[in-house]
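Peer 1: Numbering (this note's numbering), first residue to last: 5 to 263.
The structure is given below, and queries will be raised subsequently.
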Amino acid sequence: MKGRISSGGVQQGSTLPEIGKIKVGMKTDRGLPTSLDYFRATGDFANKFQSLFGDKPTELKVAFVSNNVEEVCNEQFQAWDKGKRFGWGDGETFTVWNPAGGKDGKGGYESGVDKDDPRVKSLGKLWDRYLTMRFVLLEMKGILGYWTFQTKAKETTIPGIVKSFDTVLERSGSIIGFPFSLMVKKVQSYTPGMAKNYPIVQLVPNFTEETMEMVRGYVESGADLSRLTTNMITSGSLLQLPSGGPVNIVEDVEAEEVK
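Next up, the structure:
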């Protein structure tokens, strides 16, 4: 499946504009990263987010507006150092920065680089696993743009999100307009070497009458937003999701991007 580590190239961006980022971390006055037990927003619509959801929201109703996994739930490796991205890839093929590349020889990205290439291996420990989700907030009507939630992979983080997302997509054939709850809470760890307190974020399929009305309302507020459809509502086909409760997605302070 494209947009997964084992697949192929990586596509970035969206047909909708990005209007903000959702985070579960921030920097302290001393510039140190710290984790949160609530969602916070950054960007031009951060004030709108706060006025609508309050100071410390712990649950957001979200939906995806595309079936393109690379666009809305993209998994990839990235190599960063001092705020600069030196490469990205899916585990097989990479794009890496060549300081002598480009048309003018002053540097440029080179794509199609094999995982065993010395240029990939030279980045060594800089490689981290990332998952980027792009979605709309169903309760923020009339503002047609996506919000981004990005996390590094730590143990169950990325596998948990991918499992929840892919289960819906594979069993329904479409992710467009399907409502999810994005929830966060802090838990305490007693495992040696791990942070004592860290957020757990859950991406939970939420196919209820209330959330489906939110989808309808969002579509109506956008008038001509044809990409977000209600085909899943009118088809009458409900998903048979695996039992066992929601999928936990573990976030710790190092895993949250706070740049």
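Quick reminder that beta carbons are idealized off the backbone N, C-alpha and C, glycines included.
Fair warning: this is a prediction, and the values are worked out from it, not measured in the lab.
Among residues of its own chain, excluding the 5 on either side of Ile-23, which ones have a beta-carbon nearer than 8 angstroms to its beta-carbon?
Peer 2: Excluding residues within five positions, the ones whose Cβ falls inside 8 angstroms are Gly-47, Asp-48, Phe-49, Ile-147, Gly-149, Tyr-150 and Trp-151.
Peer 1: Distance, Cα to Cα, Val-8 vs Asn-78?
Peer 2: Sequence inspection shows Arg at residue 8; the Val mentioned does not correspond to that position. Roughly 7 angstroms between the two C-alpha positions.
Peer 1: Output the boundary residues of the alpha helix (DSSP H) element that contains Gly-164.
Peer 2: It spans 161–176 - the alpha helix (DSSP H) in which Gly-164 sits, taken as one unbroken run.
Peer 1: Between Arg-220 and chain C, is any beta-carbon pair separated by less than 8 angstroms?
Peer 2: The structure shown contains no chain C; it is built from a single protein chain.
Peer 1: Do you know offhand how far Lys-200's Cα is from Leu-40's?
Peer 2: Taking the straight line from one Cα to the other gives about 13 angstroms.
Peer 1: Report back the beta-carbon spacing between Val-140 and Val-69 to the nearest angstrom; my notes put them in contact at under 8 angstroms.
Peer 2: That pair is a contact at about 6 angstroms.
Peer 1: Leaving out five residues before and five after Phe-90 in sequence, what residues of the same chain have Cβ atoms less than 8 angstroms from its Cβ?
Peer 2: Cβ neighbours of Phe-90 beyond the five flanking positions: Ala-83, Trp-84, Val-100, Trp-101, Leu-127 and Leu-130.
Peer 1: Tell me which same chain residues have a C-beta within less than 8 angstroms of the C-beta of Asn-210, skipping the five on either side of it?
Peer 2: Closer than 8 angstroms at Cβ, skipping near neighbours: Lys-65, Pro-183, Phe-184 and Ser-185.
Peer 1: Could you tell me which of Arg-34, Lys-27, Val-219 and Lys-31 sits nearest to Lys-145, measuring between CA atoms?
Peer 2: For the residues Arg-34, Lys-27, Val-219 and Lys-31, the minimum Cα distance to Lys-145 belongs to Val-219.
Peer 1: Note down, one range per segment and in chain order, each beta strand (DSSP E) of at least 3 residues found wholly within the region 39–68.
Peer 2: Whole beta strand (DSSP E) segments, 3+ residues: 63–67.
Peer 1: What's the call for Ser-176, buried or exposed, on a 16-neighbour Cβ count within 10 Å?
Peer 2: Answer is buried; the Cβ neighbour count reaches 16.
Peer 1: Could you check the C-alpha separation between Ile-162 and Trp-92 for me, to the nearest Å?
Peer 2: Using only the alpha carbons, I get a separation of about 16 angstroms.
Peer 1: Given that a residue counts as buried once 16 or more other Cβ atoms are within 10 Å of its Cβ, and exposed if not, what is Thr-215?
Peer 2: That one is buried.
Peer 1: Spell out the partners DSSP gives Gly-29 in its beta bridges.
Peer 2: In the DSSP output, where bridge partners are listed per residue, Gly-29 has Ser-39.
Peer 1: Would you please state the rounded distance, in angstroms, between the beta carbons of Val-223 and Pro-203? I believe it to be under 8 angstroms.
Peer 2: That belief does not hold up - the Cβ atoms of Val-223 and Pro-203 are roughly 31 angstroms apart, past 8 angstroms.
Peer 1: Among the residues of its own chain, which have a CB less than 7 angstroms from the CB of Ser-115, if the five just before and after it don't count?
Peer 2: Only Thr-99 meet the Cβ criterion.
Peer 1: Within its chain, find whatever has a CB closer than 8 angstroms to the CB of Lys-25; leave out the 5 residues flanking it on each side and keep chain order.
Peer 2: So the list reads Ala-45, Thr-46, Gly-47, Trp-151, Thr-152, Phe-153 and Gln-154, once near-sequence residues are dropped.
Peer 1: Among residues of its own chain, excluding the 5 on either side of Val-124, which ones have a beta-carbon nearer than 8 angstroms to its beta-carbon?
Peer 2: Counting only Cβ-Cβ distances below 8 angstroms, and skipping sequence neighbours, we find Gly-91, Gly-93, Phe-98, Val-100, Val-117 and Asp-118.
Peer 1: Just confirm the distance between the C-beta atoms of Lys-156 and Asp-120, as a whole number of angstroms; I'd bet it's less than 8 angstroms.
Peer 2: So it is not a contact: roughly 24 angstroms between Cβ atoms.
Peer 1: Would you mind stating whether Leu-207 and Phe-169 have Cβ atoms separated by less than 8 angstroms?
Peer 2: In this structure, Phe-169 lies closer than 8 angstroms to Leu-207 by Cβ.
Peer 1: As a quick exercise: from Gly-87, Glu-75, Gly-95 and Lys-88, pick the residue whose alpha carbon is nearest that of Phe-81.
Peer 2: Of Gly-87, Glu-75, Gly-95 and Lys-88, the residue nearest in Cα terms is Gly-95.
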